[in-house]
Amino acid sequence: MTLTIIGPGAMAMALAHGLKENHTLEFVARDVSKLEIIKEEFSANVYALKGFDITNKNILLAVKPYALTSVAKQIHGKANSVYSLLAGSKLEALKNAIPAQNHVRIMPNVAAKFGASTSVLTGDIAKKEEAMAIFNAIGDTFWVDSEKEIDIATAIAGSGPALLTLVAEAMMDGLVKEGMKRTDAVGITNSLFKGFAPLIASNHPAIIKDSVMSPGGTTAAAYAALEEGAVRSSFIKAVGEAFKVTQR
């Protein structure tokens with residue numbers, strides 16, 4: 723399948739790297755100089771946004787949400803499918819702006835570049851199977867039944883990597899504070915995250931915690947410090963605040 727990426731920003735390029743093995747990619751943007759770089763990197767066809775014909779195209783729409791209306795005014799035709807990465811932009815708005823047979827919203831994350839994205843989708847059910855097949859190539863996919871659910875999931879599926887960088891950086895800084903060399907702190911923390919992925923995939927968080935925490939031990943002391951600092955509550959609030967932004 724040929725996928726037409728409109729708006730090749732950071733998220734779109736992460737997706738492109740994950741999708742290029744299974745699909746033919748073409749790129750559409752306003753910035754001609756950027757298109758030339760992309761053309762060389764991906765050996766792909768590139769097109770200027772103004773006047774671009776989307777007829778029968780499978781569009782991966784990755785512009786900023788505020789730019790939806792202005793982008794829609796510069797293209798014409800009716801697409802086959804529109805896969806939208808626009809956080810918070812409702813299906814109704816997408817359908818009004820960009821004509822297509824089907825519309826699907828997707829919220830991936832930057833790990834798509836490594837085939838490890840967590841992608842949440844919703845939209846026209848007729849495209850569910852095709853959409854899942856496309857985006858399974860970049861990681862795990864989850865189809866939800868409502869737009870509210872994809873907006874809620876944005877906090878973790880989309881913003882989650884940034885939230886986890888806060889955890890990782892804090893761990894690294896903590897090790898350095900106690901006297902460890904920065905390079906060792908980075909390596910140890912990175913290794914922890916790599917090992918944690920299969921662990922959390924097969925165990926409930928409470929089981930992992932209870933298996934590590936011994937009476938009066940280091941884990942119990944560290945865990946108590948996090949609870950005292952309201953880390954759990956802060957993460958719950960962070961999800962809520964991210965959801966609020968999608969509802970503006």
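Heads up: the sequence shown begins at 723 in our numbering, then just goes up one per residue.
Quick reminder that beta carbons are idealized off the backbone N, C-alpha and C, glycines included.
Three-state secondary structure (DSSP) of residue i
| i | result |
| --- | --- |
| V866 | coil |
| S755 | helix |
| R904 | helix |
| R970 | coil |
| T726 | strand |
| S955 | helix |
| L783 | strand |
| I797 | strand |
| S792 | helix |
| N912 | helix |
| G685 | Since the displayed the chain opens at 723 and closes at 970, residue 685 lies outside it and no answer follows. |
| G810 | coil |
Straight-line Cα distance separating residue j from residue i
| i | j | result |
| --- | --- | --- |
| R904 | G917 | 20 angstroms |
| N731 | F857 | A small fix is needed here, since residue 731 is Gly in this sequence, not Asn. C-alpha separation (whole angstroms): 18 angstroms. |
| I847 | S868 | 11 angstroms |
| I878 | V832 | 12 angstroms |
| K835 | I727 | 15 angstroms |
| I910 | A859 | 29 angstroms |
| L897 | L843 | 38 angstroms |
| A784 | I958 | 28 angstroms |
| G845 | A892 | 38 angstroms |
| M935 | L885 | 24 angstroms |
| V866 | R752 | 33 angstroms |
| G962 | I874 | 8 angstroms |
Whole-angstrom C-beta distance between residue j and residue i, which should lie under 8 angstroms
| i | j | result |
| --- | --- | --- |
| G880 | G861 | Not quite, the Cβ-Cβ distance comes to about 13 angstroms (not below 8 angstroms), so this is no contact. |
| V804 | A815 | V804 to A815, Cβ: 11 angstroms. No contact. |
| M826 | K849 | At residue 826 the sequence reads Val, which differs from the Met that was named. Indeed they touch by this definition, with Cβ atoms about 5 angstroms apart. |
| F915 | A890 | 6 angstroms |
| N841 | I828 | Strictly speaking, residue 841 in this sequence is Ser, with Asn absent from that position. Correct: roughly 6 angstroms between the Cβ atoms. |
Terminal residues of the alpha helix (DSSP H) in which residue i lies
| i | result |
| --- | --- |
| A739 | Here residue 739 is His; the residue named in the question, Ala, does not match the sequence. Where H739 is concerned, the enclosing alpha helix (DSSP H) stretches over A732 to L741. |
| I856 | K850 to F857 |
| L888 | G882 to K899 |
| K817 | L813 to A819 |
CB contact check: residue i to chain B, cutoff 8 angstroms
| i | result |
| --- | --- |
| F864 | Note that chain B does not occur in the displayed structure, where there is just one protein chain. |
Where the beta strand (DSSP E) containing residue i begins and where it ends
| i | result |
| --- | --- |
| E748 | T746 to A751 |
| G845 | S839 to G845 |
| Y769 | N767 to A770 |
| M935 | Taken as a continuous stretch (DSSP letters only), M935 belongs to no beta strand (DSSP E), as it is neither H nor E. |
| S832 | With the sequence shown as reference, residue 832 is identified as Val, and Ser is not the correct amino acid for it. Taken as a continuous stretch (DSSP letters only), V832 belongs to no beta strand (DSSP E), as it is neither H nor E. |
- [ ] Give a yes or no on contact between the stretch 955-969 and the stretch 798-815, applying the rule of three or more CB pairs nearer than 8 angstroms.
- [x] yes
- [ ] Give a yes or no on contact between the stretch 765-782 and the stretch 739-751, applying the rule of three or more CB pairs nearer than 8 angstroms.
- [x] yes
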